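A short worksheet on the structure shown next.
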Amino acid sequence: MTDIQKQFNSTEAEKKWYQHWMDKGYFNSQPDDRPAYSIVMPPPNVTGVLHMGHALNNTVQDILIRRAKSLGYNTCWVPGTDHASIATEAKVVELLQEKGIDKNNLSREDFLEHAWEWKEKYGNIILEQLKKLGCSLDWNRTNFTLDDHYYDAVIRTFVDLYNKGYIYKAARMTNWDPVALTALSDEEVYYKETQSKLYYVSYKIAESKESITIATVRPETILGDTAICVHPEDERYKHLIGKKAIVPIVNREVPIIADDYIDLEFGTGALKVTPAHDINDYNLGEKHNLEVINVLNDNGTINELFPEYEGKDRMEVRKIIVKDIEAIGQLEKVEDYTNQVGLSERTHAVVEPKISMQWWCKMEDLAKPALEVVENDTIQFFPSKFKNLYRHWMENIQDWCISRQLRWGHRIPAWYDTEGNIYVGETKEEAFVKYQEKNSSASIDDLKQDEDVLDTWFSSWLWPIEVFQKDVTSSDKDLAYYYPTQTLVTAPEIIFFWVARMIIAGMEYKNTIPFKDVYFTGIVRDKEGKKMSKSLGNSPDLLQLIEEHGADAVRFSVLIASPAGNDILYDEAFLEQGKQFNHKMWNAMRLVKMWEEKQEERALNDIESFAIEWMKAKLEDAKEKTQNHFNHYQLSEALKLIYSLIWDDFCSWYLEWMKPGKEETIATAAYQESIKIFDELLLLLHPFMPFITEEIHHNLLDNEEDLMLKQLSKNENLNKEILEQGKKLQNIITAIREAKQKNQMKPRDVIQLYYISKDVSFYEKTKALLKNQIFADKVEACTEAIDNAITLVIQADKLFMQSDIEIDYSVQIEKLKGELTHLEKFLFGINKKLSNERFLANAKKEVVDLEYKKQADTEAKITSIKESLARMEN
RNA sequence: GGAGGUGUAGCUCAGUUGGUUUAGAGCAUCUGCCUUACAAGCAGAGGGUCCGCGGUUCGAAUCCGUGCACCUCCACCA
Numbered sequence: 000m001t002d003i004q005k006q007f008n009s010t011e012a013e014k015k016w017y018q019h020w021m022d023k024g025y026f027n028s029q030p031d032d033r034p035a036y037s038i039v040m041p042p043p044n045v046t047g048v049l050h051m052g053h054a055l056n057n058t059v060q061d062i063l064i065r066r067a068k069s070l071g072y073n074t075c076w077v078p079g080t081d082h083a084s085i086a087t088e089a090k091v092v093e094l095l096q097e098k099g100i101d102k103n104n105l106s107r108e109d110f111l112e113h114a115w116e117w118k119e120k121y122g123n124i125i126l127e128q129l130k131k132l133g134c135s136l137d138w139n140r141t142n143f144t145l146d147d148h149y150y151d152a153v154i155r156t157f158v159d160l161y162n163k164g165y166i167y168k169a170a171r172m173t174n175w176d177p178v179a180l181t182a183l184s185d186e187e188v189y190y191k192e193t194q195s196k197l198y199y200v201s202y203k204i205a206e207s208k209e210s211i212t213i214a215t216v217r218p219e220t221i222l223g224d225t226a227i228c229v230h231p232e233d234e235r236y237k238h239l240i241g242k243k244a245i246v247p248i249v250n251r252e253v254p255i256i257a258d259d260y261i262d263l264e265f266g267t268g269a270l271k272v273t274p275a276h277d278i279n280d281y282n283l284g285e286k287h288n289l290e291v292i293n294v295l296n297d298n299g300t301i302n303e304l305f306p307e308y309e310g311k312d313r314m315e316v317r318k319i320i321v322k323d324i325e326a327i328g329q330l331e332k333v334e335d336y337t338n339q340v341g342l343s344e345r346t347h348a349v350v351e352p353k354i355s356m357q358w359w360c361k362m363e364d365l366a367k368p369a370l371e372v373v374e375n376d377t378i379q380f381f382p383s384k385f386k387n388l389y390r391h392w393m394e395n396i397q398d399w400c401i402s403r404q405l406r407w408g409h410r411i412p413a414w415y416d417t418e419g420n421i422y423v424g425e426t427k428e429e430a431f432v433k434y435q436e437k438n439s440s441a442s443i444d445d446l447k448q449d450e451d452v453l454d455t456w457f458s459s460w461l462w463p464i465e466v467f468q469k470d471v472t473s474s475d476k477d478l479a480y481y482y483p484t485q486t487l488v489t490a491p492e493i494i495f496f497w498v499a500r501m502i503i504a505g506m507e508y509k510n511t512i513p514f515k516d517v518y519f520t521g522i523v524r525d526k527e528g529k530k531m532s533k534s535l536g537n538s539p540d541l542l543q544l545i546e547e548h549g550a551d552a553v554r555f556s557v558l559i560a561s562p563a564g565n566d567i568l569y570d571e572a573f574l575e576q577g578k579q580f581n582h583k584m585w586n587a588m589r590l591v592k593m594w595e596e597k598q599e600e601r602a603l604n605d606i607e608s609f610a611i612e613w614m615k616a617k618l619e620d621a622k623e624k625t626q627n628h629f630n631h632y633q634l635s636e637a638l639k640l641i642y643s644l645i646w647d648d649f650c651s652w653y654l655e656w657m658k659p660g661k662e663e664t665i666a667t668a669a670y671q672e673s674i675k676i677f678d679e680l681l682l683l684l685h686p687f688m689p690f691i692t693e694e695i696h697h698n699l700l701d702n703e704e705d706l707m708l709k710q711l712s713k714n715e716n717l718n719k720e721i722l723e724q725g726k727k728l729q730n731i732i733t734a735i736r737e738a739k740q741k742n743q744m745k746p747r748d749v750i751q752l753y754y755i756s757k758d759v760s761f762y763e764k765t766k767a768l769l770k771n772q773i774f775a776d777k778v779e780a781c782t783e784a785i786d787n788a789i790t791l792v793i794q795a796d797k798l799f800m801q802s803d804i805e806i807d808y809s810v811q812i813e814k815l816k817g818e819l820t821h822l823e824k825f826l827f828g829i830n831k832k833l834s835n836e837r838f839l840a841n842a843k844k845e846v847v848d849l850e851y852k853k854q855a856d857t858e859a860k861i862t863s864i865k866e867s868l869a870r871m872e873n
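Once you know that position 562 of the first sequence is 561 in numbering that gives the first Met the number 0, the rest is easy, because the numbers rise by one and skip nothing.
Here you go:
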């Protein structure tokens, strides 16, 4: 006892146990004859720092892994990081700028050298931080999406899909990020409501005095107008269709065309068409065969076609052009207007729709099997509502723009000859072979590789496959053993970016699913419901939280607030609860350890045997319920259940029952059973709070076995009878405590208890326990009501509490009257039901029988209370 | 504009195919206790128009319709 600290030292325990688990190699996995349970961690960006979202996500995964371990699975949780092409490149560019270096003045090789330098220095910080949370990751399997084997796999995939005809190169409208100078996929653009202006500009009609007015929010795109479009049925403009309009400033003659795409109600009902800079205009242009005039440079400035504006940013030109149009009297009016403006997810720059030559991947056919496996629940989504979302997206899937005008990433394995013909191959030599087939006198030096790299997600979608075939020697065995993985734990935001595409890749390349279950965690929000993010500054510093409160408390706090599939409202008050839970368990351990010196070799007494039997049943019951929660990924429910099992059932009831008094002893068997039970509770809790449970486990038992490796025992038959008896006992104890308090008695005032019950054996069995808990010097059966006593009605039993202390019956009378009123109302309801023929005819027999039982019970209780009242009021 | 979700105690949430004695927890609140593990505790209590309205049913927090409020995703009308 003396060597046990009064308080749990989380910092010390975390350091000690994590190191111990590492040293013992508990996190590492190799295929064996046990069933596998594998999870691939969603690789965080190398630029990332640990935030609350990661804490939730990784705690969930660690819980699943540790739980599976305790159930006998060979668990493998694979860590790693994602090269995150745009985010990392932006970061490196920024750092170079601080040093006064312009990316464009660096060769590709030099730039990549800087990028790798940065990656080596900072890229693994986030993984190191996960260790502080207690994550049981197999660090020997750490992967990075630009590792050599991974790089090769990505290239192979590209070539394969190209050869199968899925990948092609085409000029298309893309979302252009003028800051990162790259195309973006639709998924990388987000829309933000913005206060804009709607400019009404009149265009003169050629060879006519008429004019036509259009409305636009982007007047700078007037420079690229190649048509005016109206609705074919629009009476206002019908007569102008087929005529020419003159674009102001540039004085270009453009046709006036008709299309029912036009909304008659919006603006003036006439639309200026700029196929180069608007997706809808682009589609109109395709349909009507319009000229495409590109106005912008890649960096968002106006290009050389318009010398007077050349080199100025589009936003600046917007203002200048408005003035210029006003000067020539063709600006009719300006209105305030709220619209959605597309922004780049990475650089937050205003995205410009722009036509550019990009690589694309056809998705329609690839998506079909991936939709199928989710539809038929081969892959299960938790919560299942995301199935709808998934279906909706997969059924409307668009081709995927996979090229990015960046350097940090997997370089597209395509080479061009001097005439611009494309040769795709895994290596330049392979491409050259194809080149030679076409041109026998070709020189390999004529071939130039494509400058672009692939979208990050084009590598991420191979993650669950590629992490298990790291090197050729182990590949088949590992992949066959660990793939498909068990559960993917991720955020719903990346269901399209990543989840859908991993399923596609799995079906295409392994002809099977990459994971069996997908568990979507909620978004972590602050108390006010705002999403926690670095930019809002409302996300607490996780490492600091761990330092201050301990990793177990942090894990507790995010889990307890995290119902399956809902967003979590994070409140730091939960940390307090977690810490108090630590404290509670620590003290329970101290109590139990104290009993070591109070042991006596003897048979169990009545109290001990009842308590042990009851607690074991409680434990069995909880084990079953916990498994049920795990099956549905209701982790917060599981945690709440275990929390209450430990705090309420074990500490508040069991230990109090078991606790020997000052001069008393505890049977050795009871002491040992208590330790065994406690240890089982710790094992149940361990996945949620690994450090304190391991620490207490070792304090409790002197053996060398670690809790982390301990196996949960198989469920035994549940003793329902003892649970019922325990419940009744608790009801009696609570009722007496309440009665004492209501009657101004002290909790420890001595009483005598008499009972009228059909189940005398129950009282015989629990007599000692009752006496002990309610401070009764007598618990005896009686045949009729006792005078000068407080009456309590517990289920079908009547109890009479007597005391030497003067009792004011009025309080008890009031309580009984209240109860009576309620019971009468209740009985009325039952009687109404039972006198309803249609109820008797339609309801199931069990339900009807139950009503009869309720009726009988209630009537008995009412009689009983009436008798008591009559007696007490005398 | 399209789709999905949510609404239960002051707050965060359970509530399993409609029926189980007063709709449950935790936190917060109030009351009483320094009880030899723990005052970071113990014991007890109060607190609800299950969002509104309508329907189905013998019976609805639960199923259906509708309205309101909030949230998310998709689309992007210049």
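Ideal Cβ placement from N, Cα and C applies to all residues, glycine included.
Predicted, not measured: the structure shown is a model, and the values here were computed from it.
Can you tell me where the alpha helix (DSSP H) with residue i in it begins and where it stops?
i: Pro368; result: 363-374
i: Val91; result: 84-97
i: Lys168; result: First-last for Lys168: 166-176, but that is the beta strand (DSSP E), not the alpha helix (DSSP H).
Could you check if residue i is buried or exposed, using at least 16 other CB atoms within 10 Å of its CB as the buried criterion?
i: Asp280; result: buried
i: Val759; result: exposed
i: Trp16; result: buried
i: Phe827; result: exposed
i: Lys844; result: exposed
i: Phe609; result: buried
i: Asp101; result: exposed
i: Asn714; result: exposed
i: Asp61; result: buried
i: Leu708; result: exposed
Quick one, which of the options has its alpha-carbon nearest residue i's?
i: Pro483; options: Met871, Ala504, Phe496, Thr489; result: Ala504
i: Val200; options: His148, Ile611, Gln397, Gly268; result: Gly268
i: Ile773; options: Ser712, Lys102, Met800, Arg251; result: Met800
i: Val792; options: Ile732, Ile421, Gly223, Glu252; result: Ile732
i: Ile213; options: Lys271, Gly241, Glu429; result: Lys271
i: Lys852; options: Ala430, Ala842, Ile829, Thr862; result: Ile829
i: Asn73; options: Asn742, Ser37, Gly52; result: Ser37
i: Tyr422; options: Asp449, Val249, Ile401, Cys400; result: Asp449
i: Glu13; options: Ile691, Gln710, His238, His287; result: Ile691
i: Ala587; options: Lys658, Ala637, Phe555; result: Lys658
Measuring CB to CB, does residue i end up less than 9 Å from residue j?
i: Tyr149; j: Ala413; result: no
i: Ala257; j: Pro218; result: no
i: Leu283; j: Trp358; result: no
i: Asp176; j: Ala170; result: no
i: Ala550; j: Leu132; result: yes
i: Ile378; j: Val523; result: no
i: Ser84; j: Leu405; result: yes
i: Thr173; j: Lys361; result: no
i: Lys196; j: Val216; result: yes
In the DSSP assignment, the beta strand (DSSP E) including residue i goes from what residue to what residue?
i: Asn338; result: 330-343
i: Glu351; result: 351-360
i: Val246; result: 243-246
i: Ser712; result: Looking at the DSSP string, Ser712 is not in any beta strand (DSSP E), and its letter there is neither H nor E.
Could you check whether the Cβ of residue i sits closer than 8 Å to any heavy atom belonging to the ligand PLP?
i: Glu309; result: This structure lacks the ligand PLP, and indeed carries no ligand of any kind.
Inset, instruction - Just list the alpha helix (DSSP H) runs in the region 440-519, keeping only unbroken ones of 4 residues or longer that don't cross its boundaries, in chain order. - result: 456-459, 462-465, 471-481, 500-508
Legend entry - beta strand (DSSP E) runs contained entirely in the region 205-231, provided each spans 3 or more residues: 210-215, 226-229
Inset, instruction - May I have a chain-ordered list of the beta strand (DSSP E) segments no shorter than 3 residues that lie completely inside the region 240-319? - result: 243-246, 251-257, 269-272
Legend entry - In chain order, each beta strand (DSSP E) run of at least 3 residues that lies wholly inside the region 8-50: 35-39
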